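So our numbering is basically just the index in the sequence shown, starting at one, shifted up by 457.
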Amino acid sequence: MKLSEQIDGFFDIQLDAWDEAAERYRALGDVKVRIINIGDRDVRVMYNPARAVSTSAKVDTAAISNRPCFLCSANRPKAQRTIQWRDYDVLVNPFPIFHKHLTIAAREHKPQSIIGYIDDFLALAEELQGYIVFYNGPRCGASAPDHLHFQAVPDFELHFRENIIGSGAVMVCGHSISVVAAQMREIIGQLPSAPGEEPMINVLAYYADNQWCVGIYPRSNHRPKNYTSDIADTSGFMISPGAIDMAGVIITPRLCDFERLDAEIIKDIYTQVSLPHSFVPKIEVGIMNAPEVKVTTVGNVLREENPVTYTAQAPDGRITVHDVIIGIDFHWQRKENQSFEGSIILMPASGSTEVINLIDVERYLLSVVSSEMNSNAYGEFIKAHAIISRSWLMAQIFPDHSLSGYKCVEHEAETVRWYDHDAHTQFHVCADDHCQRYQGIVKASSAHVADAVKATSGLVLTHHGRLCDARFSKCCGGVTELFSTCWQPVDYAYLQPVTDPYCASPGADVLATVLNDYDLETTDFYRWKVTYSADELAEIIRSRSGRDFGKILSIVPLHRGPSGRIDRLEIIGTNQRRIIGKELEIRRTLSRSHLYSSAFEVESEGKDAHGVPQRWIFRGSGWGHGVGLCQIGAAAMAAEGYTYTEILSHYFPGTKLTRIY
458 MKLSEQIDGF
468 FDIQLDAWDE
478 AAERYRALGD
488 VKVRIINIGD
498 RDVRVMYNPA
508 RAVSTSAKVD
518 TAAISNRPCF
528 LCSANRPKAQ
538 RTIQWRDYDV
548 LVNPFPIFHK
558 HLTIAAREHK
568 PQSIIGYIDD
578 FLALAEELQG
588 YIVFYNGPRC
598 GASAPDHLHF
608 QAVPDFELHF
618 RENIIGSGAV
628 MVCGHSISVV
638 AAQMREIIGQ
648 LPSAPGEEPM
658 INVLAYYADN
668 QWCVGIYPRS
678 NHRPKNYTSD
688 IADTSGFMIS
698 PGAIDMAGVI
708 ITPRLCDFER
718 LDAEIIKDIY
728 TQVSLPHSFV
738 PKIEVGIMNA
748 PEVKVTTVGN
758 VLREENPVTY
768 TAQAPDGRIT
778 VHDVIIGIDF
788 HWQRKENQSF
798 EGSIILMPAS
808 GSTEVINLID
818 VERYLLSVVS
828 SEMNSNAYGE
838 FIKAHAIISR
848 SWLMAQIFPD
858 HSLSGYKCVE
868 HEAETVRWYD
878 HDAHTQFHVC
888 ADDHCQRYQG
898 IVKASSAHVA
908 DAVKATSGLV
918 LTHHGRLCDA
928 RFSKCCGGVT
938 ELFSTCWQPV
948 DYAYLQPVTD
958 PYCASPGADV
968 LATVLNDYDL
978 ETTDFYRWKV
988 TYSADELAEI
998 IRSRSGRDFG
1008 KILSIVPLHR
1018 GPSGRIDRLE
1028 IIGTNQRRII
1038 GKELEIRRTL
1048 SRSHLYSSAF
1058 EVESEGKDAH
1068 GVPQRWIFRG
1078 SGWGHGVGLC
1088 QIGAAAMAAE
1098 GYTYTEILSH
1108 YFPGTKLTRI
1118 Y
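As C-alpha cells, then:
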C-alpha cells in the first residue's frame, strides 16, 4: 500500500490519541487569510499563532546543543504515533500549517542535509501522490537543523503547481528519478556555500502524471533584516521564510504582522532572502522509438550505463542518432541523421528503445525555432516565436490539470479524438510536428536565430499569473480558431478567434524567409483544393479509419469553429455511418497524410446508377489547426515593421510577458 493511501486513517488515529495536537488542527479553522497580489503571483498571508514556536526557534549551535532533539524517538511525546517508511518515521506534525501536515524524520539522528538523500526525497514524493513534499535547509526555516527530516502537505492546500512559475525557483522536471536526481545535484553543487556546509536552499517537489516536478529556491539569507523573535517588538516582523513561505504562503504568528503586510513589504522580504540565479531548466525530448538504434559520437562524450546515456562533456562533443523520422504521417515524411547536445538517453520501452534528449530549454529553442521556420526569418518574428515556443513548452511541463478529466470518445456511432501532449508518458515533448519540430543542433546554426532567442531568454506569456498554452500553426486562413475545436472542450481567454488579414497574401519573399525547404514544397495553402475519385476516397477512409464504410454516399459537416474548421463530421457510406472529430482526426481520415486543415467545404460530382457520387472535391483554407499564432501572418506582420510584442498582443490578447529565469 502506498504511503498516501495510509495517511487519512493515520491522521484519525493520531489525533484521537493526542489532544494537544488535535486542538491545534481544530484551530486551523480559525486561521485568518489574506490574498496579496505581487506582480503575477497571488501570495497568501496566514495568521497562525501556533506557528510562533517554529518561526521564532533559535537554531544557533549553542541553542541546539542545549535542548533535546524533538525528532528523535526517545524525546517524542508518548502520544505521537508513527508510520515506518524506509529509514524514516512518518509523523503528524503537531504545529500544522494546513489540515494535514506530515513530518518525515530519519530514525538516525544526523544533520539536516538533502545532499545524499535526494533519491529518498524524490521517492517520498512518488509515495505521497497528492502531496507536496518539502525540505528546509538548516539555515532556511528548519527548526530542527540537527536532525534530517522532510515535510509534506496536501497539494490542493499549497497550490505549489500554480505558484512555481515566476516564484524564483529553479525548476527541475523529469520522468526518471535518476535523471531528476542528477539535475538536482548539479544545480545544488553550483550554488555558493561555506566550506563543509550545504548551500542555503528550500526544495519542494510533487509527483504527478508520471513525472517529478521540483522547485529549488536558492537562498542568500536565513531571515530578513527586519526579522524579530520578540513577540512584543513591533519595529520588525516575526517572519522566518521556509519552503512554504517561498512557495507563496507567508506564515505570520502575530496579528500585527498579518494586518500590516503589503505587496511591497513581502516583495522586499523575498528579495532579502533569495539568491538571484540564471539556471535554465532542462527538458526531456522524445526523439524516436525503434527496435534498434544507431548512435555515434564525436569529441568529448561520456557513455554511462543503466540506462545507456551519452553526455557531451565539452562544446566539441556531438551525439548523432541515425535514421530519425521527421514529419511522421505527413506528406513531407523523411529520415535524417540528427546530432544533439546535452545528453542522449536510451530508455528500454516494451521491446524497443525510446531515444530521449535531455537538454536545456534555451538550447532546445534554438533548434525548434530554426526547425519550425527558415533561420533567416525576420528578427521580430523569431523573437515572438521563441516566446510562444517557450511558453507552450513550459505549459506542457506544468499542465492545466483541469483538462485531465476530459477523455476522447469511442463508441458505436462516434469517434472523437484529439492528439495532445498527454500522449507522452516517458518524456515532456516529442521532436515532431505533434509537439514542436526539434531536429537537433543541425538546425541551430544561425547567429541570427541565436541573437533573437537570447534577447527573449526566460520570457513566457502569462495570463492572470498562469502560463499560457501558446499554440501556433502555419496558416490560419484568415481567422484563428478556438482551443476547444481541436482539443479538450475548454477555451482560454487568450485563445479566442482573431481576424488575421496578414496571412492572406504574404508574397513569395516573405514565405521564403519563413518556410524551410520542405515546407516550401507545399503551395496554395491559404486556399486549397483536393480532388478524389469515389474509389480513391473510399479506400483512403477505410485504410485511415480502420472501418469499411463501403461506397461513400455523403460527407456532412455537423459543427464548425469560428474559423470554419470542422470538429464534428458525419461520414455516410453504403455499409455504415459514423461521426468523427476533432479537427486533426478529420484531416487524417480524409487524406493519405493529412488535409491541410479541416476548414473546408465538400461537394460531390456525378452519380452512378445507384446514386453513389463518382467524384469528391474538398475546397479549404489554411494550413494546420489555426489556434493561436499564425506563422505566415506573424511573419507578414514582422515584414511590415511590427515588433514582437505587437505580434504577440495581436494573436494572444490580454496576455503579459513574464520572465521565469
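Heads up, the beta-carbon is just placed ideally off N, CA and C, and yes, glycines get one too.
Predicted model only: the values in this text are computed from it and were never measured.
Check your understanding: Is there contact here, the segment 773-782 with the segment 842-862, by at least three beta-carbon pairs under 8 angstroms?
Key -> Short answer: they don't touch.
Practice item. Only counting runs of 3 or more residues, tell me where the beta strand (DSSP E) segments fall wholly within the segment 835-916, in order along the chain. Key: List check, beta strand (DSSP E) in window: 866-868 and 871-873.
Point to revise | Assigned exposure category for L1015 - 16 Cβ within 10 Å defines buried | key: That one is exposed.
Check your understanding: Is DSSP giving G662 helix, strand or coil here?
Key -> Per the sequence shown, residue 662 should be read as Ala rather than Gly. Correct three-state label for A662: strand.
Point to revise | Segments assigned alpha helix (DSSP H), at least 4 residues, entirely inside the segment 715-760 | key: Listed in chain order, the complete alpha helix (DSSP H) runs (minimum 4 residues) inside the segment 715-760 are 720-730.
Review point. What is the residue span of the alpha helix (DSSP H) that N794 lies within?
Key: Unbroken run through N794 is the beta strand (DSSP E), R791 to F797; no alpha helix (DSSP H).
**Study point:** Chain-order list of residues whose beta-carbon lies under 6 angstroms from that of F838 (same chain, five-residue window excluded)
**Key:** Within its own chain, the residues whose Cβ lies closer than 6 angstroms to the Cβ of F838, once the five positions on either side in sequence are excluded, are A1091, A1092 and A1095, listed in chain order.
Point to revise | Among S735, E1060, G756 and T872, the one whose alpha carbon lies nearest that of V627 | key: Residue S735 is the option with its Cα nearest to V627.
**Study point:** Outcome for Q932 when other beta-carbon atoms lying within 10 angstroms are tallied against a minimum of 16
**Key:** According to the sequence displayed, residue 932 carries Cys and not Gln. So C932 ends up on the buried side.
Exercise for review: Can you say whether A806 is buried or exposed, counting buried as having 16 or more other CB atoms within 10 angstroms of its CB?
Suggested key: Within a 10 Å sphere around the beta-carbon of A806 sit fewer than 16 other beta-carbons, which makes this residue exposed.
Point to revise | C-beta contact flag for G799 and R775 at 8 angstroms | key: No Cβ-Cβ contact shorter than 8 angstroms links G799 with R775.
Review point. From L823 to Q471, what distance separates their C-alpha atoms?
Key: CA-CA distance, L823 to Q471, rounds to 54 angstroms.
**Study point:** Within 8 angstroms, strictly: CB atoms of R1044 and S1054
**Key:** Their beta carbons are under 8 angstroms apart, which means R1044 touches S1054 by this criterion.
Review point. Closest to R564 by CA distance: which of D576, D603 and R1022 is it?
Key: Among D576, D603 and R1022, the Cα nearest to that of R564 is on D603.
Practice item. Find the nearest neighbour of I802 within the set N550, V490, L815 and G808, judged by alpha-carbon distance. Key: Nearest C-alpha to I802: L815.
Check your understanding: Does the pairing of the segment 879-888 with the segment 754-768 give three or more beta-carbon distances under 8 angstroms?
Key -> With a cut-off of 8 angstroms, the segment 754-768 and the segment 879-888 do not count as touching, because too few Cβ pairs lie within range.
Practice item. Find the nearest neighbour of G862 within the set H891, Q945 and N1032, judged by alpha-carbon distance. Key: Ranking the options by Cα distance to G862, first place goes to Q945.
Check your understanding: Mind checking R1116: buried by the 16 CB within 10 Å criterion, or exposed?
Key -> R1116 should be labelled exposed.
Review point. Between the segment 917-928 and the segment 1030-1045, do at least 3 Cβ pairs fall closer than 8 angstroms?
Key: The segment 917-928, when compared against the segment 1030-1045, does not touch it at the 8 angstroms Cβ threshold.
Point to revise | Per DSSP, cross-strand counterpart(s) of F929 | key: The secondary-structure analysis by DSSP pairs F929 across a beta bridge with L1086.
Review point. Helix, strand or coil for M703 per DSSP?
Key: In this structure, M703 counts as helix in the three-state DSSP scheme.
Point to revise | With 16 other Cβ atoms within 10 Å as the buried cut-off, status of E1062 | key: The residue is exposed, with fewer than 16 neighbouring Cβ atoms inside 10 Å.
Practice item. Name the one or two DSSP bridge partners that R984 has. Key: R984 is bridged to S1078.
Practice item. Thinking P681 and G598 are a contact (beta carbons under 8 angstroms), I'd like their distance in whole angstroms, please. Key: Wrong, their Cβ atoms sit about 13 angstroms apart, outside the cutoff.
Practice item. Go through its chain and collect everything with a Cβ distance to G808's Cβ below 8 angstroms, but skip five positions before and after it. Key: The beta carbon of G808 lies closer than 8 angstroms to those of P748 in the same chain, with the five residues before and after it left out.
Review point. Ends of the beta strand (DSSP E) at V605?
Key: The amino acid at residue 605 is misidentified as Val; the sequence shows Leu. Where L605 is concerned, there is no enclosing beta strand (DSSP E), given that its DSSP letter is neither H nor E.
Check your understanding: Between which two residues does the alpha helix (DSSP H) containing S809 stretch?
Key -> Careful: S809 lies outside any alpha helix (DSSP H), inside the beta strand (DSSP E) at S809 to D817.
Review point. Alpha carbon to alpha carbon, what distance is there between Q1033 and H558?
Key: H558 and Q1033 have their C-alpha atoms spaced approximately 57 angstroms apart.
Check your understanding: Is the segment 576-592 touching the segment 602-622 in the sense that three or more CB pairs, one from each, lie closer than 8 angstroms?
Key -> Contact between the segment 602-622 and the segment 576-592 is present, because at least three Cβ pairs lie under 8 angstroms.
Check your understanding: Quick one: does T913 have its CB under 8 angstroms from some CB of chain C?
Key -> Of the protein chains in this structure there is only one, and it is not chain C.
Exercise for review: Buried or exposed for I898, please, with buried defined as at least 16 other CB atoms from any protein chain shown within 10 angstroms of its CB.
Suggested key: When all chains shown are included, I898 counts as buried.
Practice item. Please name the residue, chosen from G1077, M804, D981 and V1069, that lies closest to E761 on a Cα-to-Cα basis. Key: Nearest Cα to E761 within the set G1077, M804, D981 and V1069: M804.
Review point. Any idea what DSSP makes of Y767, helix, strand or coil?
Key: Looking at Y767 - three-state DSSP - the assignment turns out to be strand.
**Study point:** Nearest-angstrom Cα separation, counted from S1020 out to D1065
**Key:** Approximately 35 angstroms between the Cα atoms of the pair.
**Study point:** Spatially closest choice to S859 from A834, T685, Q896 and D948, by CA coordinates
**Key:** Per the Cα distances, D948.
Review point. Got a sec, what are the start and stop residues for the beta strand (DSSP E) M503 sits in?
Key: Segment R498 to Y504, the beta strand (DSSP E) holding M503.
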